[in-house]
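Asks: In this note's numbering, the protein residues as written are 1296 to 1534.
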């Protein structure tokens, strides 16, 4: 049984991805930092549905803590599917943005990407098969007022993924980035009421977390073995 790690697996999209990968037969590590109880709930739901999963908690901005947590996973064998989904928002227009707001968002999405991905690479390379899928955002593609920090972090992740795809292409490992648009969740329901979604999204609806998860599951499968280095938007024709 191959093993998958989903960072930010306690969130709406991350939880849907974890469930989709478990349904494919993978053992899933559902990661969280501040919301570990929710990661445990996702893992429990997977097990109840007949899958196999466990919740793991660590701070991906702490390189030493992350390395220790990953070493414990790797002691059981390589992690061949990695979904870098963790990210945070701390929005403000740039003239009013504090340095701490910039740094914290970059730290989670971009430094966290390195801290989690790098230790898993050599064990993955030795298996000659792997899937690395990064969850970005429409903000990194189109920009969004008040999210220069978030857009920079996610766009930087895409650039790193393109380079990493070239480095790993001959090793049977693909690296891709998925950029969701407005996806239904408790948070988006208050930020994006229906009339706003109708104006912003040509399809006039929010996407569903399961639609993002289905795309990720495809990219994690053998059927996507010739797709690498790509940025794939899933946003109802916003761009």
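Heads up, the beta-carbon is just placed ideally off N, CA and C, and yes, glycines get one too.
Give the straight-line distance between the Cα atoms of residue 1325 and residue 1366, rounded to the nearest whole angstrom.
Replies: Residue 1325 and residue 1366: Cα-Cα distance of roughly 16 Å.
Asks: Work out the CA separation of residue 1373 and residue 1419 for me, nearest whole Å.
Replies: Approximately 6 Å between the Cα atoms of the pair.
Asks: Which value, in whole angstroms, describes the spacing of the CA atoms of residue 1499 and residue 1439?
Replies: Computed Cα separation, rounded: 19 Å.
Asks: Using the Cβ count rule (16 or more neighbours within 10 Å means buried), how would you classify residue 1518?
Replies: When all chains shown are included, residue 1518 counts as exposed.
Asks: For residue 1433 versus residue 1530, is the C-beta distance shorter than 9 Å?
Replies: Taking 9 Å as the Cβ cut-off, residue 1433 and residue 1530 qualify as a contacting pair.
Asks: State yes or no: is the C-beta of residue 1322 within less than 9 Å of the C-beta of residue 1305?
Replies: Contact flag unset, no.
Asks: Which residue marks the beginning of the alpha helix (DSSP H) containing residue 1422, and which one marks its end?
Replies: Element bounds for residue 1422: 1407-1422.
Asks: Report yes if the C-beta distance between residue 1288 and residue 1507 is below 9 Å; otherwise report no.
Replies: There is no way to answer for residue 1288, as the model of the chain reaches only from 1296 to 1534.
Asks: Am I right that residue 1308 and residue 1430 are in contact with their C-beta atoms under 8 Å? What's the rounded C-beta distance?
Replies: The Cβ separation is near 7 Å, so the contact holds.
Asks: Is the separation between the beta-carbon of residue 1536 and that of residue 1329 shorter than 9 Å?
Replies: Since the first residue shown for the chain is 1296 and the last is 1534, residue 1536 is missing from the structure and cannot be characterised.
Asks: With DSSP run on the structure shown, which of helix, strand or coil describes residue 1302?
Replies: Coil at residue 1302, not helix or strand.
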